[in-house]
Amino acid sequence: MARKEKKPIIKLPVKITLTSEGVEWFIRNNKKIKRLRMADNRLEYGISLDEFSAASLQKMMNIDYISTVEIARTEFADKRREIIDLNKLIVYRILYRSFERETYKLFLDSPLIKRWNRGHPTRIIDENSVFNRSQLESLFNSCAPDLPLVSEDIQSGLLKELQADPRLSAEEREILGFLSDRYVISMRNIMWCVLAKSRGEPEYVVLVAKVVGLLRGYLEKSKIAEYLSLMVTELLTYAEAVHAMEIARKLFPDMRSKPGILRNPKLREAIVRSMREQQDYLYLTYQVSNKVPSIGTENRLRIVIFNRAREYQKVKEQIENKAGLDLKEKSLVEFYRRMPPEDIDTELGLYYLSFLHAECSRCNVHLDSRVSEIPARELTVINLTLQF
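Numbers in my numbering are just positions in the sequence shown, counted from 1, shifted up by 33.
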């Protein structure tokens, strides 16, 4: 039940920093990489792109070549659709990887693999197994006729449930069908091969039932991508509006603040021009992988929205040490309730946030939402961390 991507190319300038594996691959294949100055003033090896293929970015994430994705702009309102697309792309890829790991663990712990290992004592499969690529491809190709049957065994019942659910629209059913395909396709090749060669065995039925249960849970988790995308765009709207007002007051000290003032074209033009001249950008950063993998961080996503990069590193260190600063930390809900009313729609952000918290709690996804304020420096750093 495949569904075509709406936007295979995302037209959004980004900086992408690479993991050590990514740097090694680029150098080995004579691909050009740069030393990039990031928002927190660090220099990192990576690439900068004006636009990118969604499939290529997901592939690089899937093989752990990407550490962070960063966007720097004077305003984000004109790229709202692209930000939503990028956010979903990153979250879905993390979910696919998490599903791959969990299904493989089910596989290794299952009676099916124990039975397989007894029947193939010279080709035992366990957590330490390393598979020869050409041999695995040959085995996978030999199983090809049975692979659609395995996929049907896993998905057919669940897809029938989706089709019969009156709460879902036709578009929602199509999207969930597409996601179901993507989750199942993400399973490891060796798992597909063993399943294909074990159809009809009692242990096969038991393992497929467990995979179906896991798949059902991940389809539920997929809703988080929607809510998080909307939440991020609202946070950007907030950050953009507050920062624009600060600049407007500096440019026009006698200006009277009133609702809708930021929609004045001449004022907006003056604000954007000032930001460009001063290189005073707003930043959106996705940390999708640690440079050195550690236990418990495999499925973690950290999203940071901040500005004033020239001061950020110094402020960041003091925030982390919680020493010598007039620092206030609060939940995002509390932060939204205290937001100034001028030109900022607080209710929309709270609406998305409440859904995001509810979905994360229901799906056993840990969400930490923090806002650090440093009034003396007029700096706000917004952090969203999700552990899938």
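Glycine included, every Cβ here is placed at the ideal spot set by N, Cα and C.
In this text, all values refer to a predicted model and were calculated from it rather than measured experimentally.
- Runs of beta strand (DSSP E) with 3 or more residues, each lying fully within the region 56 to 116, are found at 67 to 70, 76 to 82 and 99 to 106, listed in chain order.
- Here S262 carries a helix assignment [DSSP, helix/strand/coil].
- Annotation: the continuous alpha helix (DSSP H) that includes Y251 extends over P235 to K254.
- DSSP places K299 outside any beta strand (DSSP E); the residue lies instead in the alpha helix (DSSP H), whose first and last residues are P298 to Q311.
- Leaving aside the five residues that flank I60 on each side, none in its chain has a CB nearer than 7 Å to its CB.
- Counting the other CB atoms within 10 Å of its CB gives R232 a total below 16, which places it among the exposed residues.
- Sequence-distant partners of Q320 (beyond 5 residues in either direction) whose C-beta falls short of 6 Å from its own C-beta, in its chain, are T101 and R335.
- Here the alpha carbons of S255 and L263 stand approximately 14 Å from one another.
- The continuous stretches of beta strand (DSSP E) do not include V321, and DSSP gives it neither H nor E.
- By the Cβ test, the region 142 to 151 is in contact with the region 232 to 242, since at least three Cβ pairs between them sit closer than 8 Å.
- A distance below 7 Å between beta-carbons, with the five flanking residues on each side excluded, links R282 to the following residues of its chain, in chain order: M288.
- Per DSSP, L201 lies in no beta strand (DSSP E) segment and is marked neither H nor E.
- Nearest neighbour of L240 by Cα position, chosen from I96, L228 and E279, turns out to be L228.
- Between F339 and I415 a beta carbon distance of about 7 Å is seen, short of the 8 Å cut, so the two are scored as contacting.
- DSSP places K147 in the uninterrupted alpha helix (DSSP H) bounded by P144 to G152.
- A straight line joining the alpha-carbon of R215 with that of S405 spans about 37 Å.
- In this structure, the CA atom of F388 is about 46 Å from the CA atom of I157.
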